[in-house]
Every structure is written in C-alpha cells, then in structure tokens.
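Student:
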Amino acid sequence: CTHPHHPASFMAPWDIRQQILLLYRRILQTIWQVPNDCDCKYLKDWAREEFKRNKSATEEDTIRMMITQGNMQLKELEKTLALAKS
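Remember, this note's numbering sits 336 above the position in the sequence shown when you count from 1.
(1) Which of helix, strand or coil does DSSP assign to residue 368?
(2) Out of 363, 397 and 398, point me to the one whose CA is closest to residue 425's CA.
(3) Does residue 383 pass the burial test, meaning 16 or more other C-beta atoms within 10 Å, or should it be called exposed?
(4) Just verifying my parser: in three-state terms, what is the DSSP assignment at residue 395?
(5) What residue from 420, 367 and 360 has the CA that sits closest to residue 378's CA?
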C-alpha cells in the first residue's frame with residue numbers, strides 16, 4: 337500500500353503480534369532442547385519475564401528493535417546448544 341499514511345515499512349499490529357508470538361514459540365522450542373533441567377527452567381523463566389516486561393511497549397520502532405534483539409539471542413542460544421551437543 338502506498339497510501340501516504342501507510343509507508344512501505346508500516347506493519348499492521350497483528351503482523352507485529354504474529355512476529356512476537358512466533359519468536360516466543362521458537363525461543364521456547366529451543367529452550368526445551370536444553371538437556372539440564374535446572375538450566376531449562378531458568379531459561380524458560382527468563383524468556384517469560386523478558387516478554388512480560390516488554391509487553392507494554394507500543395512504539396513500533398522499539399518493538400522492531402526488541403524483535404531483532406530477541407532473534408539475535410535465539411541465534412546465540414541455538415549456537416550454544418549446537419556446541420554443547422557436538
């Protein structure tokens with residue numbers, strides 16, 4: 337949509353919500369692969385608290401930045417898990 341009030345970078349609230357939910361699910365799925373139960377619980381609690389803490393964010397740029405940071409943290413967790421398994 338090239339309407340002046342809808343720049344190309346505009347994302348509908350449900351699109352952002354879908355991205356956040358997908359990120360949260362991917363993080364939890366990765367955490368479930370952590371072999372140590374204590375570490376797994378710690379990481380689940382951490383993820384839950386991070387998402388809860390940022391739930392009130394409304395600024396689109398801030399939310400996009402948090403999604404990017406979350407994806408980077410997910411990649412780090414995946415790398416760490418891959419190293420632990422090798």
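For glycine and all other residues, C-beta sits at the position ideal for the given N, C-alpha and C.
Tutor: Judging by the given coordinates:
(1) coil
(2) Because the chain here runs from 337 to 422, residue 425 falls outside it and cannot be looked at.
(3) buried
(4) coil
(5) 367
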